[in-house]
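In terms of mature numbering (1 follows the signal peptide of the UniProt record, and there is no 0), the sequence shown is residues -27 to -1, 1 to 513. All C-beta atoms, glycine included, are put in the ideal place defined by N, C-alpha and C.
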Amino acid sequence: MNMQIKKYKFKVALLSAIFFLSGCSQSFLDTTPEGSIPVDSFYKTDADAKGAVLGVYDILQSMYAYDWDSMWMLKTLLSDEIYTGGGHRGDQPPYEEINEFRYSSSNPVITWLFQMSYWGIYRANLVIANIKPESDAKKQAIAEAKSLRAMLYFDLVTLWGQVPLVTEPASSPDQYNQPRAKVADIWAQIEKDLNEAIPDLPLKSQQSAADKVRVSKGMAQAMLGKSLLYEKKYADAAAEFQKVIDSGEYGLISDYSQVLRKGQEFGKESLFEISYSAEKNYDWGNFQWGNNGRNTESNIHWQLCGPRGDGWFDGGNTGLVAGWGFAYPQKSLWNAYTAANDTVRRNAAMMSEDQLIAHGGKLRNADQGNSYPWECEGYVRLKYGSWADESNTSATSVKELNYATNVRLMRYADVLLMAAEAYNRSGQDGKALPLINQVRARVNLPALTSSGDQLFADIKNERRLELSFEGVRFQDLVRWGDAKSVLADQGKMIPEGTFTNGQEDYMSISGAGFKDKNVLLPIPEQEISVNPQSSQNDGY
C-alpha cells in the first residue's frame, strides 16, 4: 500500500476528540479543554476542511471492522452465507441472535451500529454546516461529507426503515429528539445529497495516491444509481450507472481471486473502500484503543473471522492462518457455486476440507473426537480471509491485531450487475445482457441469452455468486422480496462439528428463522428510551 495513504488516513484521533467535544453540551464541558480547538476557530482553511471530513471516514473505519460490532458482520450474519461460529455455543450471543433471526431491540450490535451511524451523520453535518464553499478544496470537502451522509442514511433506511432525518448539527440536547421520517423523505435526502455532491468531486484518475481513500465522482454516481435502483426508479438508475461505465475510470481485473486482496487495494475495480493499516504493530501488551474505545487503525475483524485454531485449523501452504473461528461458510453456498458450474469463483471464495488437506492443512481436531470447529460444515472462507501476508508479521508469528485488509464498499462488478438489473427491469434486456456477460466472461462462464423475468432471476443468482461475503446479500434479498422464502429456515439447524455414524451433528434452535418483522431491524430500545418521539418497527 502506498505509504502516503497510510500516513494520511489515520491522522484522525485528535479530530475525533475535537468533534466529540464540540457535540457535548453538559456544563462540565463549558470550558475549553487544554489543547482542543474551539469550533468557531476551526473550519477556516482548506486543510481544516480536509481534516474535518476525515472525521467522518474515521467513523466508517470503526463501524466496519471492529471485532464485536461490525457492519460487515451484521450484514453477513443476516444472509445465508455464513454461520456465526466461535469457540462454542454462547461464545457471542448477540451474533448468534442476529444469524438466527432471534434478535430483539436490546441487541448490542444493532444498538451500537445504529448509534455509530448517527455519530457519522453528526460529523458530516458539522462539515456541511460550518465550511463555506470558498475554494475548490472546501467544495470537495462538503461534497465528500454529503456523499458519506448519503451512504450512512442508505444503510439506515434499508436496514431500519423510518429513522430520524437529521441534516444539521444540533445545538441543544432536545434537538436530538426527532421523530422518525417517512422513508420517501429519507430517499429524497439521499438523492439530494448525492446530486449536489457529484459536480464537486474529482474523478478517481484525478485523485492523488494519498487521496484514493476519499470519495470520488464515480462512487457518488454509483451510490446514486444504487439508491434509485432500491427505489425502483429503474430507468433513472440505469442512466446513473451508465455514467460510471462510460467514464472509463474502472474495469474488471483478470484474476477474480485477487479482487479483495491487498495487491488490488484502490485498483481499477475499486470504487470505494475503507482503509486500514498494519503499521502500528500492536500486540496484547501494547494494544491501544482508538475512537470511542475502539481500535480503528488495523482491521482486527479478520482475525476474529479466521478459522478456529486451538488444535483445529492448519493452513498448510494456503497462506491462511488461524483465527477465532467466526463466520464459517454455509455449505449451501458451495452447492450454489457447484450447481452453476462456477468453479473459479467458488474456489476463490471458499475452500473445502479436501482442498485444504491437498495444500497440507487440516480442519479437524484429533483431540476433540476428530471434530470440525463449532458451526463449521467443512469449509473455510477465502474472501476476506485471515491471510498472513496482510498482517504485520514478526519473525515468529502473525500479528493478530494488525490486519491491513481494506473493506470494499463498492466495486465495478457490482456496478455492472446493478446496471444490468436496472436495464432489465426497465425493459432494456439488450443493454443488460452485455453487462452481466462481461462479469461472467471473467470467470469463464458462458454468455447468457435469457430475457425478461428469467434474466432477472439470472442476475439475482449472478449477484449471489459474484458478491458473496461482501455484505450485500441480505439487502438484496429484502429489496427483491425474497428474504422470507430464502431465509425461512436460517438458524433452525446449526452444525455442531461433531459426528455420529459419519454424519455431522446438528442442533435445533427454537424460534430461529426469518419472520415478517425481520425485513427491518428493530429500533434500538436505548433510542426509544431517550427519544420520546421515536417508535418501534412492527413485530418488536
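Next item on the list: For D209, collect the residues of the same chain with a Cβ closer than 6 Å to its Cβ; drop the 5 residues on either side in sequence, then sort them by chain order.
Entry: Cβ neighbours of D209 within its own chain (closer than 6 Å, five residues either side excluded): L201.
Check: What's the C-alpha gap between P505 and P495?
Finding: For P505 and P495, the distance between alpha carbons rounds to 16 Å.
Next item on the list: Decide if the stretch 86 to 98 is in contact with the stretch 52 to 70; the criterion is three or more beta carbon pairs, one per stretch, under 8 Å apart.
Entry: By the Cβ rule, the stretch 86 to 98 does not count as touching the stretch 52 to 70, because fewer than three pairs are nearer than 8 Å.
Check: Since P67 is in the alpha helix (DSSP H), which residue starts that stretch and which ends it?
Finding: For P67, the enclosing alpha helix (DSSP H) begins and ends at 66 to 72.
Margin query: Would you call the stretch 389 to 403 in contact with the stretch 426 to 435, where contact means no fewer than 3 C-beta pairs closer than 8 Å?
Written below: The stretch 389 to 403 vs the stretch 426 to 435: in contact.
Check: Do F239 and L382 have their CB atoms nearer than 8 Å?
Finding: With a cutoff of 8 Å on beta-carbon distance, F239 and L382 are scored as not near each other.
Checklist line | 8 Å Cβ shell around Q509 - same chain, five flanking residues per side excluded | finding: Taken in chain order, the residues that qualify are S78, P495, I496, I501.
Checklist line | Extent of the continuous beta strand (DSSP E) to which G282 belongs | finding: Unbroken run through G282: none, as it is neither H nor E.
Item checked: Continuous alpha helix (DSSP H) stretch holding T57: start and end -> The continuous stretches of alpha helix (DSSP H) do not include T57, which lies in the beta strand (DSSP E) extending over residues 55 to 58.
Notebook entry, point to check: For G224, which residues from the same chain have a beta carbon less than 6 Å from its beta carbon, with the 5 sequence-adjacent residues on both sides left out?
Noted result: Same-chain partners within the cutoff: K241.
Check: Can you name the start and end residues of the beta strand (DSSP E) that I467 belongs to?
Finding: Residues 466 to 473.
Next item on the list: Pick out the complete beta strand (DSSP E) segments inside the stretch 402 to 427, 3 residues or longer, and give them in chain order.
Entry: Here no run is fully enclosed.
Checklist line | CB-CB length for V459 against I247, believed under 8 Å | finding: That belief does not hold up - the Cβ atoms of V459 and I247 are roughly 28 Å apart, past 8 Å.
Next item on the list: If I'm right that I409 touches D431 with Cβ under 8 Å, what's the distance once you round it to whole angstroms?
Entry: Contact between I409 and D431 is confirmed by a C-beta separation of about 7 Å, below the 8 Å threshold.
Next item on the list: Report the rounded CA-to-CA distance for N265 versus G28, giving the unit in angstroms.
Entry: Per-residue confidence for N265 stands at a pLDDT of 44, beneath the threshold of 50, marking its modelled position as unreliable; the derived number appears in the next sentence. Here the C-alpha atom of N265 lies approximately 13 Å from the C-alpha atom of G28.
Next item on the list: Return the chain-ordered ranges of every alpha helix (DSSP H) run that is complete within the stretch 184 to 258 and spans a minimum of 4 residues.
Entry: Fully contained in the stretch 184 to 258 are the following alpha helix (DSSP H) runs of length 4 or more, in chain order: 190 to 203, 207 to 219.
Check: Under three-state DSSP, which class holds G24?
Finding: Note: G24 maps to helix in three-state DSSP.
Next item on the list: Enumerate in chain order the residues of its own chain whose CB-to-CB distance from Y513 is below 8 Å, with the five nearest sequence positions on each side excluded.
Entry: Correct list, in chain order: S77, S78, K490, P495, I496.
Checklist line | Residues near Q(-2) in its chain [Cβ-Cβ closer than 6 Å; skip 5 each side] | finding: Summary for Q(-2): the model assigns pLDDT 34, below 50, so the residue's position carries little reliability; its value from the coordinates is reported in the next sentence. Nothing meets the Cβ criterion.
Notebook entry, point to check: Looking only at C-alpha atoms, which of A22, V503, G191 sits nearest to K111?
Noted result: Cα-wise, what sits closest to K111 is A22.
Notebook entry, point to check: Cα separation between A114 and V492?
Noted result: Cα-Cα distance, rounded: 35 Å.
Checklist line | Cutoff 8 Å; reference T311; Cβ partners in own chain excluding five residues on either side | finding: R319.
Margin query: Spatial neighbours of Q328 within its chain, please: C-beta separation below 8 Å, excluding the five flanking residues on both sides.
Written below: Cβ neighbours of Q328 beyond the five flanking positions: N320.
Next item on the list: Quick one: grab the DSSP three-state call for Q509.
Entry: Correct three-state label for Q509: coil.
Next item on the list: With a cut-off of 8 Å on the beta carbons, I'd call I163 and Y126 a contact; round off their distance for me.
Entry: Right, their Cβ atoms sit about 5 Å apart.
Check: In or out: L138 buried (at least 16 other Cβ within 10 Å) or exposed?
Finding: Note on L138: 16 or more other CB atoms within 10 angstroms of its CB, so buried under the neighbour-count rule.
Next item on the list: Could you check the C-alpha separation between S43 and P66 for me, to the nearest Å?
Entry: So the alpha carbons of these two residues sit roughly 15 Å apart.
Next item on the list: Apply the 10 Å Cβ neighbour rule to L167 and answer buried if 16 or more other Cβ atoms are within range, or exposed otherwise.
Entry: Buried is the call here.
Check: Whose C-beta lies closer than 6 Å to the C-beta of E477 among residues of the same chain, with five residues either side of it excluded?
Finding: Same-chain partners within the cutoff: P468.
Check: Candidates P152, I32, D173, P346: which alpha carbon is nearest E287's?
Finding: Reading off the sequence, residue 287 comes out as Asp, not Glu. The residue among P152, I32, D173, P346 with its C-alpha nearest the C-alpha of D287 is P346.
Next item on the list: Count the other C-beta atoms from every protein chain shown that fall within 10 angstroms of the C-beta of E141, then say buried if there are 16 or more, exposed otherwise.
Entry: By the beta-carbon neighbour count (other beta carbons within 10 angstroms, threshold 16), E141 is exposed.
Note to self: Among P172, D173, S189, whose alpha-carbon lies nearest the alpha-carbon of Q180?
What the structure shows: Ranked by Cα distance from Q180, the options P172, D173, S189 are led by S189.
Checklist line | Residues that Y376 bridges to, as DSSP identifies them | finding: Beta-bridge pairing links Y376 to S364.
Notebook entry, point to check: Among the residues of its own chain, which have a CB less than 8 Å from the CB of G284, if the five just before and after it don't count?
Noted result: Closer than 8 Å at the Cβ level, and outside the excluded window around G284, lie N338, A339, D340, Q341.
Next item on the list: Using three-state DSSP, classify R436 as helix, strand or coil.
Entry: Correct three-state label for R436: helix.
Check: To the nearest angstrom, how far is it from the Cα of A143 to the Cα of Y149?
Finding: Taking the straight line from one Cα to the other gives about 7 Å.
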